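The opening position of the sequence shown corresponds to residue 0 in numbering that gives the first Met the number 0, with each subsequent residue numbered one higher. Ideal Cβ positions, reconstructed from N, Cα and C, are used throughout, including at glycine. These figures come from a predicted structure and were not determined experimentally. A short worksheet on the structure shown next.
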Amino acid sequence: MKRRAKRQQNAQQVVDWVAELRMIHPKMGGKKLYFLLKEKLENLRIGRDKFFDFLRANHLLIISKRSYHKTTNSYHRFKKHKNLIKDYQYKKPNNVWVSDITYLGNRENPAYLSLITDAYSKKIVGF
């Protein structure tokens with residue numbers, strides 16, 4: 000019984016510390032909270048996983064929104080070309096080049112990177 004009471008007391012102490020930090024930084028994630036509270040948690044013999052279990056049990060984890068960038072629209076009226084090299088056997092370098100466009104940056108500074116690659120050697124031959 001004493002062990003359970005001690006565990007509940009520790010859990011409440013952790014929740015209080017997190018609530019105190021969240022008053023100042025409402026959007027602070029679990030990793031930063033753990034870093035700031037690490038010394039106190041070590042005194043209570045609470046590790047990272049147990050700390051995250053406390054946060055999860057008390058609904059204190061911040062769920063981050065993933066940034067999503069829609070970069071391809073395949074539903075358009077323009078002609079779609081067939082893949083001409085789908086079953087092609089590459090025999091030597093510089094026989095077939097392929098290209099791709101990669102989205103970089105964020106909403107404020109959008110940028111695209113276009114790379115031309117040799118299909119046989121996988122080396123970048125242009126950008």
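Handout entry: Pick from ARG6, GLN88, GLU38 and LEU54 that is closest to MET27, judged by C-alpha positions
Key = LEU54
Practice task
Within the same chain, show all residues whose beta-carbon is closer than 6 angstroms to that of ILE115, passing over the 5 residues directly before and after it, in chain order.
Solution key: TRP96, SER98, VAL124 and GLY125
Handout entry: Sheet register partners of ALA110 (DSSP bridge)
Key = The partner list for ALA110 (beta bridge, DSSP) reads LEU103.
Problem - Expected contact under 8 angstroms - CB spacing of TYR119 and LYS91 to nearest Å - result: 6 angstroms
Problem - Inter-stretch contact (C-beta, 8 angstroms, three-pair minimum) for the stretch 40-47 and the stretch 80-88 - result: In this structure the stretch 40-47 does not lie against the stretch 80-88, because fewer than three pairs of beta carbons, one per stretch, are closer than 8 angstroms.
Exercise for the section: Can you have a look at GLU103 and say buried or exposed, based on whether 16 or more other CB atoms are within 10 angstroms of its CB? Expected result: The displayed chain sequence assigns Leu, not Glu, to residue 103. Exposed, because fewer than 16 other Cβ atoms sit within 10 Å of the Cβ of LEU103.
Practice task
Identify, in the order they occur along the chain, each residue of the same chain with its Cβ nearer than 8 angstroms to the Cβ of TRP16, setting aside the five sequence neighbours on each side.
Solution key: LEU36 and LYS39
Practice task
Pull up the distance between the alpha-carbon of ALA4 and that of LEU60, whole angstroms please.
Solution key: 24 angstroms
Problem - Proximal residues to SER63 (C-beta, below 8 angstroms), its chain only, five neighbours per side dropped - result: GLY28
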